[in-house]
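Chains as they are written, first to last, in the numbering used here: chain X, 405 to 515; chain P, 22 to 140. Idealized CB from N, CA, C, for every residue including glycine. None of these values were measured; they are calculated from a predicted model.
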């Protein structure tokens, strides 16, 4: 399987704290994307980082990419209860028109 | 508003029956995808289509079929050959970046999903 791995599988933090989740993948990529999924809903795109980029910011989100280690991390700063959701990384695999999703991190932010 | 519409949201099926899940998008996207999600797991690709009248198998295509007769529509049929069809099914479409010099493709836009339960 080309599916990536994410860790931790579950994360519980207090409101206001930062949340960090990691993603590892197996093949060469064009870009890596992070998505959010509220329970029982579809996924929503958060941020995209290209293979030639090392860091990207969007609001309270910070994404890093290390292609030599085939890994990425998503940092959510100053978390809010509304950030409670599952977060998935997805790799746009080079030379293929497919996206491979990680196993997800379930984030719970306690008010 | 532009988006992807999946229907039905909930579907119950008896064993041995085929069911078809609808996916319609008005985003003018060329590529469309079907994913399956099991509890506590990530998404696995069933089928995808880059263009009208063309589609390819994903990692778990057995027991499923699709068609792409119109750009806007990509229905998925779960056949009786699918041994364990109970799952959450997600349809997505993809924008293609048109700016030169940039590699890769755009983000995926998802529908709200269809939850299929086999009785």
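Are there 16 or more other CB atoms within 10 angstroms of the CB of residue 108 of chain P, so buried, or fewer, so exposed? buried
Could you tell me whether the Cβ of residue 85 of chain P comes closer than 9 Å to any Cβ of chain X? Cβ-Cβ to chain X under 9 Å: no for residue 85 of chain P.
With the cut-off set at 9 Å, would you say residue 132 of chain P and residue 113 of chain P are in Cβ contact? yes
Identify, in the order they occur along the chain, each residue of the same chain with its Cβ nearer than 8 Å to the Cβ of residue 34 of chain P, setting aside the five sequence neighbours on each side. 40, 99, 106, 137, 138, 139 and 140
Selected residue, minimal CA-CA separation from residue 102 of chain P, among P/38, P/67 and P/63: P/38
Does the region 469–477 of chain X come close enough to the region 507–514 of chain X to have 3 or more Cβ pairs within less than 8 Å? no
Counting only Cβ-Cβ distances shorter than 8 Å, please list the residues of the region 477–504 of chain X near chain P, keeping chain order. 492, 494, 496, 501, 502, 503 and 504
Proximity below 9 Å, CB of residue 415 of chain X to CB of residue 510 of chain X: yes
Just to confirm my understanding: we take residue 120 of chain P, look at its own chain, exclude 5 residues before and 5 after, and list those with CB closer than 8 Å. What are they? With a pLDDT of 47 at residue 120 of chain P, under the threshold of 50, the modelled position of that residue is not reliable, and no figure is offered here.
Return the bridge partner residues of residue 40 of chain P from the DSSP annotation. P/99
Based on Cα-Cα distance, which residue from X/488, X/456, X/493 and X/495 lies nearest to residue 421 of chain X? X/488
Below 8 Å on the Cβ atoms is my guess for residue 68 of chain P versus residue 77 of chain P; work out the distance and round it to an integer in Å. Taking 8 Å as the upper bound for CB-CB distance, residue 68 of chain P and residue 77 of chain P are in contact here, some 7 Å apart.
With a CB to CB cut of under 7 Å and the five nearest residues on each side skipped, what residues in its chain are close to residue 433 of chain X? 455, 495, 496, 497 and 498
Suppose the cutoff is 6 Å on Cβ atoms and the five residues either side in sequence are ignored; what does the same chain contact list for residue 492 of chain X look like? Closer than 6 Å at Cβ, skipping near neighbours: 439, 505, 506 and 508.
So which of X/453, X/442, X/410 and X/419 has the shortest CA-CA distance to residue 483 of chain X? Considering only X/453, X/442, X/410 and X/419, the residue with the shortest C-alpha distance to residue 483 of chain X is X/419.
Closer than 7 Å between beta carbons: that is the criterion. Which residues of the region 424–446 of chain X meet it against chain P? 434, 435, 437, 445 and 446
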